[in-house]
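>
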Amino acid sequence: MTAWGITYPLTRKLGLLLSDPMVFADAIPVEAVRAGKCDLVKSGTTALEKFFNRITVASASQWLYHHPEDRGFMPEELPAPKPVTLHMSGGPEEFSGEPIFNPTET
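The sequence shown runs contiguously to residue 194 in our numbering.
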């Protein structure tokens, strides 16, 4: 599964929201996308602020840094740390060093 988008907070008041260009890949020439003609600049709203804060908190794996004055924007309860955020499928979760796919006969 791939991400529908990526939020990237730059400052306390500015952030990037990157979305999947494949949604319109067949409808818009790649040159227009490269030239930034599909980019959108939008003034901040309370809804966008909450969206960025919620996604940032939910995406944090172990640590969450914020300006001391922004404590009021943090949720009361934070999710538990997730030091492992990448999981393998199709084989054992713990890698033993043995080949998983097409092991050779010895």
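Positions of the beta carbon are idealized from the N, C-alpha and C atoms, including for glycine. Source: prediction; values computed, not measured.
Kindly say whether L174, judged by its beta-carbon, lies nearer than 8 Å to any beta-carbon of chain D.
Absent from the structure: chain D. Only one protein chain is present.
> In whole angstroms, give me the CA-to-CA distance for I116 and H155.
When rounded, the distance between both Cα atoms is 40 Å.
> Return the first residue and the last residue of the beta strand (DSSP E) that L105 is part of.
Where L105 is concerned, the enclosing beta strand (DSSP E) stretches over 103-107.
> Can you give, in chain order, each stretch of the alpha helix (DSSP H) that sits fully within the segment 90-168 and has at least 4 residues?
Taking only runs of at least 4 residues, the alpha helix (DSSP H) segments lying wholly in the segment 90-168 are 118-122, 134-147.
> Distance, Cα to Cα, A168 vs S131?
Cα-Cα distance, rounded: 32 Å.
> Give the single residue among I94, R100, A135 whose Cα lies nearest to the Cα of E157.
If we check each option's Cα against that of E157, R100 comes out closest.
> Three or more C-beta pairs closer than 8 Å, one from the segment 107-114 and one from the segment 134-151: is that the case here?
No, the segment 107-114 is not in contact with the segment 134-151.
> Smallest Cα separation from P109: which of P97, R122, L98?
P109 has its Cα closest to that of R122, out of P97, R122, L98.
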